[in-house]
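See below for the structure under consideration.
Numbering (our numbering), first residue to last: 32 to 987.
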């Protein structure tokens with residue numbers, strides 16, 4: 032892989048289906064001084080003038096207008112039979128199919144569905160438990176997976192900084208609760224919109240009571256409401272008994288939800304808080320308790336195995352006074368509140384809270400983006416995003432489902448999700464509001480959509496169409512070959528009726544609109560600040576698969592000061608995606624176009640003006656200029672592979688001129704010196720290397736490589752004076768030679784040997800066996816164990832309260848970890864901590880961090896690969912002074928020193944509490960040290976480590 036491409040792929044993240052600026056980027060002329068062109072053999076050549084723009088395949092961004100659904104009959108996604116398109120008939124038919132336990136087609140399965148809807152019979156029949164009279168809770172508790180995920184409900188946010196119980200025990204402080212990130216909570220929930228129902232008009236939204244007769248307390252007394260206790264992790268009553276008595280208590284001062292209702296244990300003398308009612312139910316019951324003086328009591332009807340899972344309960348309202356006269360509630364507010372509360376209960380039976388958690392997460396995500404980045408959105412964009420919250424539940428759920436699927440087009444007849452009760456109406460609403468595009472008429476199909484629509488057809492359907500067109504249809508042809516054949520016929524106008532033939536088989540189709548897709552992509556970028564995370568991060572937290580660390584987000588500076596900076600950044604990301612796609616397709620012309628674009632933009636006045644001079648250095652990676660530098664670096668690697676050293680030299684000089692304070696300058700300087708040597712300019716190559724050594728941004732392996740180049744090129748008569756660093760660089764690194772029986776000796780393949788136990792192994796394992804015979808224990812880990820030790824020893828430093836370095840609850844490290852700012856801002860705290868490590872406190876710090884944070888995600892820390900006993904042994908044998916020196920170097924320059932560490936970490940004890948450690952770089956018969964590895968070995972020797980190179984050679 033070309034140097035820089037892996038980093039660029041991480042920056043781009045998931046490729047976008049439609050790039051809104053693609054056409055304008057590729058068609059507009061560039062002002063790059065570097066003019067490249069591909070000749071007839073596909074080789075890059077330089078030209079004096081760019082002759083027009085490259086004729087690239089344009090990707091359309093036409094929005095499709097919403098079209099009414101015209102099919103009268105649809106295909107059942109369960110049995111495949113055609114049924115009437117009326118909603119009532121479809122639902123009845125699906126109920127019958129599902130009641131037979133027929134397995135659903137797996138085409139609709141997504142990560143979200145696997146999370147919340149297991150294919151157990153109890154889950155499949157959820158939608159009709161009401162008719163059968165089954166107990167929802169007893170059915171649900173047969174599924175342990177549901178128990179594990181339901182505890183992540185958003186309602187845990189209904190917590191306050193108050194007593195655990197009515198008698199005076201206290202909960203954890205609000206700071207701890209707000210920062211708590213674990214298996215059963217979502218850290219973003221602190222920014223949720225809180226609905227206050229003091230004004231009862233909110234609760235009356237679009238609700239008209241069906242019954243006009245007065246309602247009495249006697250009418251509602253004894254009515255059983257089945258619900259859940261949520262937010263169990265904030266309770267103090269971890270032990271529950273089946274049938275335990277409970278009561279409800281209003282919590283009006285709750286900072287997370289003014290409608291919060293506590294669930295109190297009524298059995299013990301000191302009534303403890305067991306948790307809270309779900310937020311949706313509490314918003315209706317809280318005014319009933321406050322304004323109409325209703326009390327609720329009940330019992331626990333099931334005790335889950337996991338103490339933090341939701342707990343099913345039954346509650347009943349009763350009148351508060353002893354007056355025997357009937358009390359009438361004639362006002363519309365009371366009747367609507369009571370009706371809405373019952374509707375929430377009923378909806379919970381047909382759609383458990385866990386099944387719609389993704390919907391709540393998406394709303395949290397949207398609210399946070401609108402709250403934190405409203406200055407970057409136009410009024411039209413803000414209104415469009417806010418419109419999502421006014422959509423029906425079905426429409427919201429369907430949109431999230433479709434957005435997280437591959438797509439882009441879907442057969443409407445194949446859309447089926449248990450929690451989406453009326454998919455047809457949901458599609459219609461999404462189309463009317465601009466969130467989806469759908470069509471069912473052939474003449475609405477654009478040429479650019481033919482390939483995407485054909486991808487919806489099965490292989491048998493594609494073959495059927497080809498046979499109807501009397502075309503050769505080989506049974507061995509793959510699906511993509513069949514699609515290519517049909518597209519070729521359509522473009523040659525040999526099959527003008529292809530859209531009709533396709534739509535006859537697919538029926539009405541739907542996709543997420545380009546506007547919605549573009550805005551949600553932008554929102555994800557603003558929320559997660561990278562291309563590697565997406566909405567599935569919420570899911571991983573809810574499932575307990577990922578637990579993020581606890582820290583405070585102190586934001587005093589915006590990343591993008593204005594909309595222009597954001598748009599320029601997004602355009603640069605598009606260029607990065609285009610060059611990555613071009614390399615995949617070996618489109619040389621498109622690669623050179625992207626290089627020209629990046630070159631012209633990287634030093635343009637418009638790009639520079641979009642980066643605030645007061646911006647913190649670690650935030651510069653969110654600028655368009657930084658992204659273009661990634662594209663240019665990839666272009667340099669490409670040009671060097673094509674032996675276009677002159678063009679690569681030009682681009683390297685441009686990078687060094689435009690980025691004067693960048694940790695990548697060392698690599699750029701090294702490549703410039705190497706390319707100049709390739710061109711035969713030895714004197715200039717030497718001068719570049721010498722000047723590079725004066726640059727404070729040239730560090731680690733790049734500095735060692737430049738020093739070695741100066742010594743090699745600077746021999747008389749070019750240079751007569753020996754550099755001062757010559758003795759240090761020429762230091763002899765101790766070598767140990769090990770022989771083994773080779774399994775293969777093929778050049779280009781990884782060396783394999785027979786180990787001392789007769790098993791096949793690599794050179795690292797063979798070296799471990801050799802050292803084990805001398806009493807050493809150890810692991811083959813390269814950088815892994817060292818970064819784990821650093822993360823555990825420096826945990827409190829890494830996640831300390833520093834402004835602007837933590838901006839989202841889904842970070843595993845501060846934004847400035849790989850910059851000089853990390854050490855400089857925390858210098859006093861770091862040095863004090865390193866002194867404790869130097870004085871022998873490392874093992875204690877390590878154990879404490881392990882016990883408090885085990886399983887929590889942190890950059891570099893691998894909880895599964897290394898046990899606590901191994902880490903303790905390593906830390907004890909390495910010793911405090913060496914550990915402190917090692918941690919200081921990583922803290923000062925994590926970017927330069929987080930790779931290239933020796934392969935083996937060995938240790939052996941002398942007695943119970945003392946020992947020694949050794950670091951070994953293992954090399955096979957045809958391997959040699961890289962400059963970064965050599966730099967590490969020299970640094971470790973300077974820090975007092977016992978380091979050596981183990982060379983494995985074949986047994987003669």
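Idealized CB from N, CA, C, for every residue including glycine. Source: prediction; values computed, not measured.
**Study point:** Under 9 angstroms between C-beta atoms of residue 468 and residue 551
**Key:** Position 437 of the chain shown, counting from 1, holds the residue named residue 468. Position 520 of the chain shown, counting from 1, holds the residue named residue 551. No, these two residues do not count as a Cβ contact at 9 angstroms.
Check your understanding: So, helix, strand or coil for residue 773, using DSSP?
Key -> On the chain shown, position 742 is the one that residue 773 refers to. Residue 773 falls in the strand class under three-state DSSP.
Point to revise | Other residues of its chain near residue 984: CB distance less than 6 angstroms, five sequence neighbours each side excluded | key: Working through the chain shown from its first residue, we reach residue 984 at position 953. The residues are 770, 956.
**Study point:** Helix, strand or coil at residue 884 [DSSP, three-state]
**Key:** The residue labelled residue 884 in the question sits at position 853 within the chain shown. The answer is helix: DSSP assigns residue 884 an H, G or I state.
Check your understanding: CB residue 724 to CB residue 703, shorter than 9 angstroms?
Key -> On the chain shown, residue 724 is found 693 positions in, with the first residue counted as 1. On the chain shown, residue 703 is found 672 positions in, with the first residue counted as 1. No, Cβ-Cβ distance for residue 724 and residue 703 is not below 9 angstroms.
Check your understanding: Skipping 5 residues on each side, what residues in its chain have a beta carbon closer than 7 angstroms to that of residue 394?
Key -> Taking the chain shown and counting its residues from 1, the one referred to as residue 394 is at position 363. Excluding sequence neighbours, residue 394 sits near 420.
Check your understanding: According to DSSP, what are the bridge partners of residue 343?
Key -> Counted from its first residue, the chain shown places residue 343 at position 312. DSSP lists 259 as the bridge partner or partners of residue 343.
Check your understanding: Which same chain residues, not among the five before or five after residue 376, have their C-beta less than 8 angstroms away from its C-beta?
Key -> Counted from its first residue, the chain shown places residue 376 at position 345. Cβ within range, chain order: 256, 257, 258, 312.
Point to revise | Residue range of the unbroken beta strand (DSSP E) whose run includes residue 785 | key: Here residue 785 is taken as the residue at index 754 of the chain shown, counted from 1. Here the beta strand (DSSP E) through residue 785 covers 783-785.
Check your understanding: Tell me which same chain residues have a C-beta within less than 6 angstroms of the C-beta of residue 940, skipping the five on either side of it?
Key -> Here residue 940 refers to the residue found at position 909 when the chain shown is read from its first residue. Cβ within range, chain order: 946.
Review point. Does the pairing of the stretch 703-713 with the stretch 657-666 give three or more beta-carbon distances under 8 angstroms?
Key: no
Exercise for review: To the nearest angstrom, report how far apart residue 910 and residue 937 are at their CA atoms.
Suggested key: Reading the chain shown from its first residue, position 879 is the one you call residue 910. Reading the chain shown from its first residue, position 906 is the one you call residue 937. When rounded, the separation of the alpha-carbon atoms in residue 910 and residue 937 is 13 angstroms.
Review point. Among 286, 336, 815, 322, which one has its Cα closest to the Cα of residue 273?
Key: As a working mapping, residue 273 is identified with position 242 in the chain shown. For residue 273, the nearest C-alpha among the options comes from 336.
Review point. With distances taken from CA atoms, which of 348, 531, 401, 905 is nearest residue 944?
Key: As a working mapping, residue 944 is identified with position 913 in the chain shown. Nearest option by C-alpha distance: 905.
Check your understanding: Would residue 446 pass as a contact of residue 481 if the rule is Cβ separation under 9 angstroms?
Key -> The residue labelled residue 446 in the question sits at position 415 within the chain shown. The residue labelled residue 481 in the question sits at position 450 within the chain shown. Cβ distance not < 9 angstroms, so residue 446 and residue 481 don't count as in contact.
Review point. Helix, strand or coil: which one does DSSP assign to residue 443?
Key: Reading the chain shown from its first residue, position 412 is the one you call residue 443. Helix, per DSSP.
Review point. So is residue 572 buried or exposed if we call it buried at 16+ other beta carbons inside 10 Å?
Key: Taking the chain shown and counting its residues from 1, the one referred to as residue 572 is at position 541. Buried is the call here.
Review point. Does DSSP put residue 951 in a helix, in a strand, or in coil?
Key: The residue labelled residue 951 in the question sits at position 920 within the chain shown. Here residue 951 sits in strand by DSSP.
Practice item. Please determine, among 929, 672, 646, the residue with the shortest C-alpha to C-alpha distance to residue 813. Key: Along the chain shown, read from residue 1 onward, the residue named residue 813 stands at position 782. Of the candidates 929, 672, 646, the one whose C-alpha sits nearest the C-alpha of residue 813 is 929.
Review point. Helix, strand or coil: which one does DSSP assign to residue 897?
Key: Locating residue 897 in the chain shown gives position 866, where the first residue counts as 1. Under the three-state reduction of DSSP output, residue 897 falls in the coil class, being neither helix nor strand.
Exercise for review: Can you give me the Cβ contacts of residue 442 inside the same chain, cut-off strictly under 7 angstroms, excluding the 5 residues immediately before and after it?
Suggested key: Stepping through the chain shown from its first residue, residue 442 is reached at position 411. Taken in chain order, the residues that qualify are 487, 537, 538, 540.
Check your understanding: What separation, rounded to the nearest whole angstrom, lies between the Cα atoms of residue 385 and residue 271?
Key -> Position 354 of the chain shown, counted from the start, is the residue given in the question as residue 385. Position 240 of the chain shown, counted from the start, is the residue given in the question as residue 271. Straight-line Cα distance between these residues: approximately 22 angstroms.
Review point. Which of the three DSSP states, helix, strand or coil, is assigned to residue 252?
Key: The sequence position of residue 252 within the chain shown is 221, counting from 1. In the structure shown, residue 252 sits in coil (DSSP, three-state: anything other than H, G, I, E or B).
Check your understanding: So, residue 559 versus residue 841, is the Cβ gap smaller than 9 angstroms?
Key -> Taking the chain shown and counting its residues from 1, the one referred to as residue 559 is at position 528. Taking the chain shown and counting its residues from 1, the one referred to as residue 841 is at position 810. For residue 559 and residue 841, yes; Cβs fall inside 9 angstroms.
Check your understanding: Where does the unbroken beta strand (DSSP E) through residue 20 begin, and where does it stop?
Key -> This structure gives no information on residue 20, because the portion of the chain shown stretches from 32 to 987.
Point to revise | First through last residue of the beta strand (DSSP E) which encompasses residue 428 | key: As a position in the chain shown, residue 428 is number 397, starting the count at 1. Careful: residue 428 lies outside any beta strand (DSSP E), inside the alpha helix (DSSP H) at 424-434.
Check your understanding: Is residue 757 buried or exposed, if buried means 16 or more other CB atoms sit within 10 Å of its CB?
Key -> The residue labelled residue 757 in the question sits at position 726 within the chain shown. It counts as exposed.
Practice item. Note the first and the last residue of the continuous alpha helix (DSSP H) segment covering residue 622. Key: For the purposes of this step, residue 622 is taken as residue 591 along the chain shown, with counting starting at 1. 619-633 is the extent of the alpha helix (DSSP H) around residue 622.
Practice item. Report the residue from 870, 869, 825 whose alpha carbon sits nearest the alpha carbon of residue 848. Key: Here residue 848 refers to the residue found at position 817 of the chain shown. Checked all of 870, 869, 825; the closest Cα to residue 848 is 825.
Check your understanding: Where in the stretch 473-540 do unbroken runs of the alpha helix (DSSP H), each at least 4 residues long, occur, reported from the N-terminal end onward?
Key -> 481-485, 490-499, 510-522, 529-537
Point to revise | Local conformation of residue 915 per DSSP, three classes | key: Within the chain shown, numbered from 1, the residue matching residue 915 stands at position 884. Note: residue 915 maps to helix in three-state DSSP.
Review point. At a cut of 8 angstroms, does the stretch 694-702 reach the stretch 668-684 through at least three beta carbon pairs?
Key: yes
Exercise for review: Assign residue 96 to buried or exposed, taking buried as 16 or more other Cβ atoms, counted over all protein chains shown, within 10 Å of its Cβ.
Suggested key: The sequence position of residue 96 within the chain shown is 65, counting from 1. In this prediction, residue 96 scores a pLDDT of 35, lower than 50, which makes its location untrustworthy; the coordinate-derived value is nonetheless stated afterwards. Per the 10 Å Cβ criterion, exposed.
Check your understanding: Would you report the Cα separation of residue 730 and residue 923, rounded to the nearest angstrom?
Key -> For the purposes of this step, residue 730 is identified with residue 699 of the chain shown, where counting begins at 1. For the purposes of this step, residue 923 is identified with residue 892 of the chain shown, where counting begins at 1. Looking at the two C-alpha atoms, the distance is approximately 11 angstroms.
**Study point:** Option nearest residue 324 by Cα separation, candidates 498, 303, 252
**Key:** Counted from its first residue, the chain shown places residue 324 at position 293. Taking only the C-alpha atoms, the option nearest residue 324 is 252.
Practice item. Tell me residue 329's beta-bridge partners as DSSP assigns them. Key: On the chain shown, residue 329 is found 298 positions in, with the first residue counted as 1. Note: residue 329 sits in a beta bridge opposite 277, 346.
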